[in-house]
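Scroll down for the structure; my scribbles are underneath it.
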Amino acid sequence: MYKSNYSKCLSFFVAEGIIFTILGILMLFMPVITSYAASLIISILLFIGGLYKIINSLINRNFLSKPVLSIIIGILMVSAGIILTIHPMINMFLLTIILATYFILEGINSLNFAVHNRNLLTYWWLSAVVSIVQFMLAAIILASLPFSALITVGLLLSVDFIFSGLTLLGLSSTCKYVVPRE
113 MYKSNYSKCL SFFVAEGIIF TILGILMLFM PVITSYAASL IISILLFIGG LYKIINSLIN
173 RNFLSKPVLS IIIGILMVSA GIILTIHPMI NMFLLTIILA TYFILEGINS LNFAVHNRNL
233 LTYWWLSAVV SIVQFMLAAI ILASLPFSAL ITVGLLLSVD FIFSGLTLLG LSSTCKYVVP
293 RE
């Protein structure tokens, strides 16, 4: 029984790790296609979410205080999904702006943490260094617009896939410590 659990654990982590790593490497060499695919998926999800909101609002209109508002929001979501599907560059541009904004907000948060904890933590300055990196990432992304809109999302997704895959491969070595459930 122990060997069976070990084999399942090992094969799961190894297979998924290899798949994620290979996909990440492929995506790294095709960041524009990856960014386009991600923006297309988000557009489709926005469209589906809007349809769901409209249908749900119509079905449950007796329980909602303002069903018209929910229906309008659903229509806006469907419209945005259609527009962003037809014009994926707009979607990729918006995703890149959102990402740059995220790095700015995280930079502010990291700097705030460093300043407020400089008397409590020995290595408080690491948070200040992280904030500088976050501000630099945001500046690079914003300074290289509109080109960065083509590749930023794809590059970040590829790096995430590579690190996730390598992590899973690393975790596969710990499968020998899996204790069978009884």
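Residue numbers (my numbering): 113 to 294. Note that CB positions come from ideal geometry on N, CA and C, so glycine has one too.
Return the residue from the list the options that minimises the CA-CA distance to residue i.
| i | options | result |
| --- | --- | --- |
| Met139 | Asp272, Thr234 and Thr213 | Asp272 |
| Val241 | Ile252, Ala226 and Lys178 | Ala226 |
| Ile220 | Asn231, Thr208 and Ser243 | Ser243 |
| Ile216 | Ile209, Phe247 and Phe132 | Phe247 |
| Phe205 | Ser239, Ser276 and Leu262 | Leu262 |
Using 8 Å for Cβ pairs, my map puts residue i next to residue j. What's the rounded Cβ distance?
| i | j | result |
| --- | --- | --- |
| Ala212 | Ala250 | 5 Å |
| Phe125 | Ser284 | 4 Å |
| Pro200 | Leu152 | 6 Å |
| Ile156 | Thr197 | 7 Å |
Leaving aside the five residues before and after residue i along the sequence, list all residues of the same chain whose C-beta is less than 6 Å from its C-beta, in chain order.
| i | result |
| --- | --- |
| Phe159 | Val190 and Gly193 |
For residue i, collect the residues of the same chain with a Cβ closer than 8 Å to its Cβ; drop the 5 residues on either side in sequence, then sort them by chain order.
| i | result |
| --- | --- |
| Arg173 | Pro179 |
| Leu281 | Phe125, Val126, Gly129, Ile130 and Thr133 |
| Phe275 | Gly136 |
Self-check item: Contact between the stretch 127 to 146 and the stretch 261 to 278 (3+ Cβ pairs under 8 Å)
Solution: yes
Quiz item: Residue ranges of each alpha helix (DSSP H) run of no fewer than 4 residues wholly in the stretch 166 to 211, ordered along the chain?
Solution: 179 to 198
Quiz item: Going along the chain, which unbroken runs of the beta strand (DSSP E) with 3 or more residues stay wholly within the stretch 250 to 276?
Solution: none
Practice problem: Specify whether the stretch 184 to 191 and the stretch 122 to 137 touch according to this definition: at least 3 beta carbon pairs, one from each stretch, less than 8 Å apart. | Solution: no
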